[in-house]
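A.B. asks: Protein chains in written order, with the numbering used here: chain E, 745 to 1080; chain D, 745 to 1080; chain Z, 221 to 582; chain S, 221 to 582.
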Amino acid sequence: MSTMTLSRAINSGLRKALEDDPKVVLMGEDIGKLGGVFRVTDGLQKDFGAHRVMDTPLAEAGIIGTAVGLAYRGYRPVCEIQFDGFIYPGFDQIVTQVAKLHYRTGGAVKMPITIRVPFGGGIGAVEHHSESPEAYFTHTSGLRVVSCSNPQDAHTMVRQAIASDDPVLFFEPKRRYWTKGEVNEEITADTLSLESAAVVNSGNDVTLVSFGPLVATARDAAIAASDEGVSVEVIDLRSLSPIDFATIEASVRKTGRLVITHEAQQFGGLGAEIAASITQRCFYYLEAAPERVTGFDTPYPAAKLEDHFLPNLDRMLDAVDRVMGKDNSLSNWKGQ
Amino acid sequence: MSTMTLSRAINSGLRKALEDDPKVVLMGEDIGKLGGVFRVTDGLQKDFGAHRVMDTPLAEAGIIGTAVGLAYRGYRPVCEIQFDGFIYPGFDQIVTQVAKLHYRTGGAVKMPITIRVPFGGGIGAVEHHSESPEAYFTHTSGLRVVSCSNPQDAHTMVRQAIASDDPVLFFEPKRRYWTKGEVNEEITADTLSLESAAVVNSGNDVTLVSFGPLVATARDAAIAASDEGVSVEVIDLRSLSPIDFATIEASVRKTGRLVITHEAQQFGGLGAEIAASITQRCFYYLEAAPERVTGFDTPYPAAKLEDHFLPNLDRMLDAVDRVMGKDNSLSNWKGQ
Amino acid sequence: MSSVDDGGLVQLLSPTGERVKNADYDSWVEDVDDAQLKSLYEDMVVVRRIDTEATALQRQGELGLWPPLLGQEAAQIGSGRTLREDDFVFGSYRENGVAYCRGVDYTDIMRVWRGNAHAGWNPYDINMAPSQVIIGAQTLHATGYALGCQQDGVDTVAISYFGDGATSQGDVNEAMIFAASYQAPVVFFCQNNQWAISEPVGLQARTPIAGRAPGFGIPSMRVDGNDVLAVMAATRIALDRARSGNGPTFIEAVTYRMGPHTTSDDPSRYVDVLEREDWQVKDPIVRVEAYLKSKDLLTEEFQAGVKAKADDVAKKIRAGTLNMEEPDALSVFDNVYSTSSSWLDRQKNQYSHYLQSFEGGH
Amino acid sequence: MSSVDDGGLVQLLSPTGERVKNADYDSWVEDVDDAQLKSLYEDMVVVRRIDTEATALQRQGELGLWPPLLGQEAAQIGSGRTLREDDFVFGSYRENGVAYCRGVDYTDIMRVWRGNAHAGWNPYDINMAPSQVIIGAQTLHATGYALGCQQDGVDTVAISYFGDGATSQGDVNEAMIFAASYQAPVVFFCQNNQWAISEPVGLQARTPIAGRAPGFGIPSMRVDGNDVLAVMAATRIALDRARSGNGPTFIEAVTYRMGPHTTSDDPSRYVDVLEREDWQVKDPIVRVEAYLKSKDLLTEEFQAGVKAKADDVAKKIRAGTLNMEEPDALSVFDNVYSTSSSWLDRQKNQYSHYLQSFEGGH
Ligand SMILES: Cc1ncc(C[n+]2csc(CCOP(=O)(O)OP(=O)(O)O)c2C)c(N)n1
Ligand SMILES: Cc1ncc(C[n+]2csc(CCOP(=O)(O)OP(=O)(O)O)c2C)c(N)n1
Ligand SMILES: [Mg+2]
Ligand SMILES: [Mg+2]
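1) Quick one: which residues of the segment 813-833 of chain E get their C-beta closer than 8 Å to a C-beta of chain D? List them in chain order.
2) In the DSSP assignment, find the unbroken alpha helix (DSSP H) run with Q837 (chain D) in it and report its ends.
3) Hey, out of D:K918, D:V797, D:V1003, whose CA is closest to L750 (chain D)'s CA?
4) Classify L233 (chain Z) as buried or exposed, calling it buried when 16 or more other Cβ atoms lie within 10 Å of its own Cβ.
5) Can you find at least 3 beta carbon pairs, one from the segment 507-525 of chain Z and one from the segment 319-330 of chain Z, that sit closer than 8 Å?
6) Is it true that the CB of R903 (chain D) sits closer than 8 Å to the CB of K760 (chain D)?
7) Taking the alpha-carbon positions, what's the P288 (chain Z) to E315 (chain Z) distance?
8) CB V167 (chain S) to CB D384 (chain S), shorter than 8 Å?
9) Could you check whether the Cβ of V863 (chain D) sits closer than 8 Å to any Cβ belonging to chain Z?
10) Using the C-alpha atoms, what's the distance from A549 (chain S) back to S440 (chain Z)?
11) Rounded to whole angstroms, what's the CA-CA distance from E804 (chain E) to G228 (chain S)? Just pull it up for me.
12) Do you know offhand how far W499 (chain S)'s Cα is from M478 (chain S)'s?
13) Do V812 (chain E) and I906 (chain E) have their beta-carbon atoms positioned less than 8 Å apart in this structure?
14) Using a Cβ-Cβ cutoff of less than 6 Å, which residues in the same chain neighbour L360 (chain S) once the five nearest sequence positions on both sides are dropped?
15) Mind checking whether D799 (chain E) and I831 (chain E) have CB atoms under 8 Å apart?
16) If P833 (chain E) sits next to D836 (chain D), beta carbons under 8 Å apart, how far is it from one beta carbon to the other, in whole angstroms?
17) Can you look up W341 (chain Z) in the DSSP assignment and give me helix, strand or coil?
18) What did DSSP end up calling Q826 (chain E) once you bin it into helix, strand or coil?
19) In angstroms, rounded to a whole number, what distance separates the CA positions of V501 (chain S) and L290 (chain S)?
20) Using only the heavy atoms of ligand 4, determine whether one of them is closer than 7 Å to the beta carbon of W415 (chain S).
21) In the DSSP assignment, what residue or residues form a beta bridge with L952 (chain D)?
22) Would you mind telling me which residues of chain S sit closer than 7 Å to R848 (chain D), beta carbon to beta carbon, in chain order?
23) Identify every residue that forms a DSSP beta bridge with K924 (chain E).
24) Would you say the beta carbon of R442 (chain Z) is closer than 7 Å to some non-hydrogen atom of ligand 3?
25) Which residues in the same chain as D897 (chain E) place their Cβ atom closer than 7 Å to its Cβ, once the five residues preceding and following it in sequence are excluded?
26) Any C-beta of chain E within less than 9 Å: which residues of the segment 567-578 of chain S qualify?
27) Would the beta-carbon of D384 (chain S) be found less than 7 Å away from any heavy atom of ligand 4?
28) Answer yes or no: does any C-beta atom of chain E fall closer than 8 Å to that of Q424 (chain S)?
29) Measuring CA to CA, which of E:H883, E:V853, E:E763 is closest to E1017 (chain D)?
30) Is it true that the segment 514-531 of chain Z meets the segment 252-263 of chain Z, where meeting means three or more beta-carbon pairs spaced less than 8 Å apart?
31) Quick one: does H795 (chain E) have its CB under 8 Å from some CB of chain Z?
32) Under the criterion of a Cβ to heavy atom distance below 7 Å, does H338 (chain S) qualify as lining ligand 2?
33) Taking Cβ-Cβ distances shorter than 9 Å, what residues in chain E pair up with S970 (chain D)?
34) Between R477 (chain Z) and ligand 3, is there a pair consisting of the residue's CB and a ligand heavy atom that are separated by less than 7 Å?
35) Thinking just about the alpha-carbon of each residue, which of E:K854, E:M771, E:L814, E:K777 is nearest to the one in S488 (chain S)?
36) Scan the segment 353-388 of chain Z and note each continuous alpha helix (DSSP H) run of 4 residues or more that stays entirely inside, going in chain order.
Written out as structure tokens, the structure is:
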């Protein structure tokens, strides 16, 4: 066990993966000498060489498309997309190739590609540097999508993602890169399922589902709520596709109330799927309609406005009040 | 009024738009001499010239990206994407540029771009020719997304889409291109809101929400259900983003039961948003959890399997039985 | 020889079957003896016969679609035959002639077009990826595969086939950039058949396509794509360069799509019949026939043998197509993931219940 | 002159300030008299000063980020100054020197970098699109805009700026393909500053970038990007070609990023100090200074005037930045659509209620 930042924990996970399997190669823009703009790959090119930690030309379709070819040849490419908003030039290769090749070939060709994406807002950045595009990928059959919220998970999950024979979108909560925590690097990739959610705070009144950067906020909200006498159970999804519905279902059967939070836009976001699925599975247990606390249905705004756009503790508490039937911001709302 | 196929109705709508506004230009692969692979643009290049009906090089990012430039210059480009599955190379330009430029420039630059996409399955095609990618776009703030189900709407809506100062994804139900119907070409673009759903069959027991190619199936299902004594109200969404929730809400308050159907994959599809939003708006009116009848969470399969993948009348009726609490395929289901 | 952008076209066999001397290219086909020549001829005749049979099968409703390769036999056989077994092919949807060279099971060629599967064959069985519908996407895959070969330290080469239209896609350009940057052992084989569905090549490129690659630092050749020997020579040059660590090569094989884009297409809307007639005289098979004749190799016996082979293949294809097993309903859920997915398992389970409810009489 | 792929570099002003004669290019700058030369010099000094001020503001926490253009003044001023008012610019994020030429309000340059807005200015006010963060995307916009000019029958030209790294993106290649196909009046202006963040240009291109365009049928020029006269001449040639209906041109301005990629970057991790020193002697301002001196134009009075102007601009920028109005909370919902959206209106309304609930003491 040692204490390290979340970004360091991923770095160490990548290092282990490179050590354990000669077929693992890292690809991306500026991941070599620079070590990535967030330094997540710091030192890896120096130690493993430029053929295993490859700086690529500036083209995301090129990165993903060549990774597909490497996978055909038996490699396990780990691609870094520099920021969330730059994944779209690679979208076609991800959706039409990475996601579909195993299905297309009746299982003959495996696509063990990991696509690392630093995502989310809260760092005061310019346009396209703060987005949460996970729902585009969770809606794409053939992909696995995960997101980590703490250093231990970051370390373990990146190794699991690389070890998985399926393609995995790995969303890294960039504003938590500097969060520190204990990490046991001895946990091997096969110890845990890549599909399991974690109950990170137990509670009886409301289930609050979160992932990635908002897990910390959700835990703070649970503490604040308990001060007001409301007991909130916080779930860290970890796997966004598939979702560990059994864990959420068990929680909601107990609490009868569900709040989901994510930074992505609300309309058609992951929260919709969770609300819809849990309503179906727990219809007779629900005391109130599930509530969503999310980014607004606008493009990600300029930095000076991001504190409004991003879900925060107060907005989570307000939603908790809504499902609890307590006084809340919409109590007197007359809108449509 | 004259009788015409849905594809002809779009053709006539495009013709009107070209006649009415010299700034309207059509762009796409094979839309000129060939008139498009579905002949939707048949005869238009001959009548309006190659500068207004432009065959483009084979590159979707190029099509959308140059359309952005044309829009900057005051044009209203109408881009054809040959098949649903080929929109992804243009995804980046759609998501990062078309959708965001009006917001980015504080309203200074309008993006009145219409992107026509023949979509959906049921035509026995090879891979990438039968997809329903609408949810990627409905989750993208800044875009409007619509889909038509009959010749009259096809004609009116394509004109509305082109007349709109916002970018519009226009999803054409390709397997209904040959459906015939009466079309009044005198209806002008501003007669109708681009956001309104239509109740296409009145009923009291169940609300069945559909759009595009499945509206016809949903209407058939309503007839079949009425034979069994269940009265189904069928709604044709028409606008997929934003959704006319007021219309659905009014219906569900009456029926207390909701079924949503679309061809796209279920996980994170539009059905999730509708189920989640309506649950929130009508929680105390719902007699059962909303049900979804959709494509499976697999890539679109080979043609010989598409009849399984695609929602059909029987699967809709089964879902109607489920929300009615009648005997259904899952009555004795023991699964998780 | 290696960097052509003047529009010059390498030709070793003229349309009338004369052997044209070329100091740079001749040595690369000097091993092509009479027997090899006859077998190249046979292959071209056979794949044309496959094409005819498939078109007929489509017309009879036994295939959903077929993309003919009529007119492109020399481009596909000439290149396909030069490949080593361990080389890996990434083609589009039209490379059924190349698949034939790879030793594909005949029936497998038809699976995709009958609608039974998305891939006709197991790629690793014949070292060829299944057909790729997304225009140009496969060029990046070939580049990545080639990178893998380079890292493995083997002299295996990846080759990617694509059309003239495909050269407009970002992917194809990025593939050249990546290949040049890493000096990947990959061959870019462009069959310029003059058309991308209804769009003439002039819309994609105002200057010869082969002229693009040098700008990326990739040597290129522009060859008569209806000349099986020229195509062979060029492909061998490219393969040799790749094997010996000298990086990628771009080949433009100038040919012509004599048929429709696919069986769904109606070229009468856009193709000038005169243009088609011009190309008719450049037929890739006719010229080899003339050449064989000039060498007294076109015996009746030989021709009968070729015909018998072609008939046999056609018969097998027909039988294979008609007897193809229908996919099982629940297989729609198979192979989405290589491991199980809780969500999909549930969905499959529910659908299986649904299907059973009919059997049980619901 | 028009199609360069030999790596040759056009230079009209040497690093030491000598005027180099060039028969092909001289005529394009023969109107540059002393007054113009002095004003070009002034502009370069001023934008360098803007750059310094902005970097300081970022260090002081007043800007979130700044992408310096240090070293690229000649490329930006030389080209920016040749544009006509009605021409339209589509740049990346680094073209703040070009924006200056377009007459942008100084404060507007800073809005994006302070985090107050996604666009600093109204594009139609100065005929320049706002900064574009998605690498290469703007090249297609320029091509489309140029198509519009062509259709409008005017001789307005669109110009797109982008970096060496951007040339690897599919979009940039597709832009060249579309521009060539339609002969659009567009200028592709590549500032090859040798770096894409930490990646040297050699990773993107093994041969000179200007060599690519001819393969697409687009003439290109490779000029010393630190030579304001060479840049002017080349841009004028390109603009003239576009205006007279002769289609697109590609210009590679070979320059050097003397600063970090942005203020967030740490070039010490990857830049060789020696390389930087090599380029230091090629400074774009120093050579004009030397040239002016050789012409006895670098008087104390003139220099004082330039300094005063630069100081004034810097002062205004600082004041404008510090006094910039904060955006209103609810403006986060504005301009998503040009018309109202039932969904978004509801969301805005609810959030407004939420904000009020705090005021009311919730
Ligand atoms: C990304 C994408 N866009 C459009 C299409 C539709 N389409 C199929 S084939 C074709 C033309 C391809 O032309 P070319 O590359 O010259 O190959 P050819 O068919 O002539 O062999 C087009 C436009 C597609 N399959 N994929
Ligand atoms: C699509 C996309 N991918 C990656 C990035 C991240 N990024 C920002 S600037 C940059 C380097 C650009 O280099 P170049 O084109 O040479 O322009 P320069 O910064 O040198 O002016 C990168 C990789 C981005 N902004 N957009
Ligand atoms: Mg072609
Ligand atoms: Mg650069």
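Heads up, the beta-carbon is just placed ideally off N, CA and C, and yes, glycines get one too.
Keep in mind the model is a prediction, meaning the values are calculated, not measured.
C.D. replies: So, from the listed chains and residues:
1) G829, Y832, P833
2) Unbroken run through Q837 (chain D): none, as it is neither H nor E.
3) D:K918
4) buried
5) no
6) yes
7) 9 Å
8) Nothing can be reported for residue 167 (chain S), as the shown portion of chain S is limited to 221 through 582.
9) The displayed chain sequence assigns Phe, not Val, to residue 863 (chain D). No, F863 (chain D) lies away from the interface with chain Z (no Cβ there is under 8 Å from its Cβ).
10) 58 Å
11) 31 Å
12) 8 Å
13) no
14) D391, A395
15) no
16) 5 Å
17) coil
18) coil
19) 14 Å
20) yes
21) D:V978, D:V1003
22) H338, A339, P350
23) E:T749
24) no
25) R982
26) Q567, K568, N569, Q570, Y571, H573, Y574, L575, Q576, S577, F578
27) yes
28) yes
29) E:H883
30) yes
31) yes
32) no
33) Ordered by position in chain E, no residue passes the 9 Å Cβ test against S970 (chain D), which lies about 25 Å from the chain.
34) yes
35) E:K777
36) 357-372
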